[in-house]
């Protein structure tokens with residue numbers, strides 16, 4: 062029997078396409094704007110390679126935007142076809158207005174057919190929660206079971222990132238100009254935590270190689286792991302280095318993900334990140 066509830070996420074979840082297809086998870090795209098040009102964060106209208114080329118060359122920093130209410134309504138209504146309910150999980154409301162748009166759409170559709178959850182995370186911090194919910198539904202679980210599965214994963218999660226260039230976080234309003242300037246001058250690479258809607262600097266190192274070593278050490282100290290994802294912004298070689306260094310503790314289903322354009326706008330090219338879910342005991 063097919064699930065009676067379908068999972069929907071926004072595109073910042075960065076879930077691999079094969080997992081989306083296998084669990085019939087629907088995606089509502091965020092948008093990235095280069096001047097008057099607007100592109101959905103789907104890797105099709107604007108490929109990742111083209112996006113990062115533009116990002117490196119442009120003098121005008123791109124902006125990101127939540128999906129319109131109209132687009133959100135359209136995809137949610139399509140997602141409701143053939144099922145009773147939709148469980149929609151979003152990027153943290155502290156990082157984006159997407160959660161607000163999802164809630165407005167759910168209210169307009171009415172009834173209790175759509176439940177919206179603020180994941181508290183971004184990228185695979187959101188993705189692992191959505192995957193847990195979808196798996197539980199495919200096992201025959203209820204909406205309540207799916208929400209509980211997502212919450213359980215959330216409690217055991219962390220997302221850490223090593224931005225390559227603080228200038229992109231400054232442009233996006235995540236750090237001030239002084240800190241970005243000092244960081245660039247001294248070649249400081251902060252290790253940041255993105256957890257429960259908060260962005261915190263937890264370490265500072267002097268080179269990207271030391272940043273990689275710091276990420277590796279943090280993941281090693283978190284073992285044993287249920288899930289691990291290695292994220293990068295157009296730095297596949299760096300992500301593969303992390304994978305090789307962590308191969309002895311990495312679960313079999315560890316993906317390497319070139320994150321979408323909405324998140325990439327904030328971090329700039331050459332950044333690395335990890336998303337972990339510790340094993341439950």
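Numbering (the numbering used here), first residue to last: 62 to 342. Heads up, the beta-carbon is just placed ideally off N, CA and C, and yes, glycines get one too. Predicted model, so just to flag it, every value in this text is computed and none were measured.
- The continuous alpha helix (DSSP H) containing residue 273 extends over residues 269-283.
- In this structure, residue 305 sits away from residue 225, with a CB-CB distance that is not shorter than 9 Å.
- The beta carbons of residue 66 and residue 323 sit no closer together than 9 Å.
- Only residues of its own chain outside the window of five on either side were considered, and among them 197 have a CB closer than 7 Å to the CB of residue 206, listed in chain order.
- Residue 170: member of the alpha helix (DSSP H) spanning 159-170, first to last residue.
- Beta-carbon to beta-carbon, residue 70 and residue 127 are separated by about 14 Å, too far to satisfy the 8 Å threshold.
- Rounded to the nearest angstrom, the gap between the Cα atoms of residue 258 and residue 152 is 9 Å.
- With contacts defined as CB atoms closer than 9 Å, residue 68 and residue 177 fail to qualify as a contacting pair.
- Counting along the chain, residue 100 sits inside no alpha helix (DSSP H); it lies in the beta strand (DSSP E) bounded by residues 98-101.
- For residue 89, same chain residues with a beta-carbon under 6 Å away, outside a window of 5 residues either side, are 71, 128, 133, 136 in chain order.
- Note that the C-beta distance between residue 194 and residue 175 is not below 9 Å.
- When only Cα atoms are considered, residue 289 and residue 145 end up about 32 Å apart.
- Taking one beta carbon from each stretch, the region 107-119 and the region 209-223 have fewer than 3 pairs nearer than 8 Å; the two do not touch.
- Taking the CA atoms as reference points, residue 203 sits about 33 Å from residue 319.
- Taking the CA atoms as reference points, residue 312 sits about 25 Å from residue 269.
- Boundaries for residue 72: no beta strand (DSSP E) harbours it, and the DSSP string shows neither H nor E there.
- Looking at 180, 142, 169, 184, the one whose alpha-carbon comes closest to that of residue 154 is 180.
- Non-local C-beta neighbours of residue 81 in its own chain, meaning closer than 7 Å and more than five positions away in sequence, comprise 88, ordered along the chain.
- Cβ atoms of residue 250 and residue 272 come within 8 Å of each other, at about 4 Å.
- In this structure, DSSP gives residue 92 an extended state, which the three-state scheme calls strand.
- The straight-line gap separating the alpha-carbon atoms of residue 130 and residue 166 is approximately 6 Å.
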